[in-house]
Amino acid sequence: MADTAVSPGPTTAAAVGAIRVRDASAPARRQLVRFAFYRVDLAWRRLDPEARRSQLDEALAVLDRHAERLLLRTHTLVGTRGDADCMLWAASEDAERLHQLFRDLNRSRLGGYLVPAY
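All residue numbers for the sequence shown refer to the UniProt record's numbering, where the first residue is 1 and numbers rise by one.
Here it is, written out as structure tokens:
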């Protein structure tokens, strides 16, 4: 069996760059992403449990409704950060959807107790 030399193929910058070129006729898809960190005002914790549950259920309904139209994840930060209790991660190709989510959350009864951490 004879040894055969194998060429590694083109290695010029032009050849490498050609790999990265995408179809210019296809529009680029971009997402807007927002990380929102909140702490819950201590006054909310002093409300009776039924009021807190009702407000939480209302806010969760807002999040569920918007989760059908954009990427939405919630994370608790209780016990891991002293300056924030929760984080919302939202992403959409449509800025208006992000605006609607945070507008509706702020208008909820719980929204009055959510203080942006930063």
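For every residue, glycine included, the Cβ atom is placed at its ideal position computed from N, Cα and C. This one's a predicted model, so the numbers in the text were calculated from it and none came from an experiment.
In chain order, what residues of the same chain have a beta carbon less than 6 Å from the beta carbon of S7, not counting five sequence neighbours either side?
-> In this prediction, S7 scores a pLDDT of 48, lower than 50, which makes its location untrustworthy; the coordinate-derived value is nonetheless stated afterwards. Same-chain partners within the cutoff: there are none.
M87 beta carbon less than 8 Å from that of L77 | yes
Taking the alpha helix (DSSP H) that P49 falls in, what are its first and last residues?
-> 49-67
Identify whether A95 lies in helix, strand or coil by the three-state DSSP scheme.
-> helix
Determine the closest residue to H75 out of Q31, R30, P116, Y38, with distance taken between C-alpha atoms.
-> Y38
How do the stretch 25-34 and the stretch 88-107 stand: do at least 3 beta-carbon pairs fall below 8 Å, yes or no?
-> yes
State yes or no: is the C-beta of A59 within less than 8 Å of the C-beta of G112?
-> no
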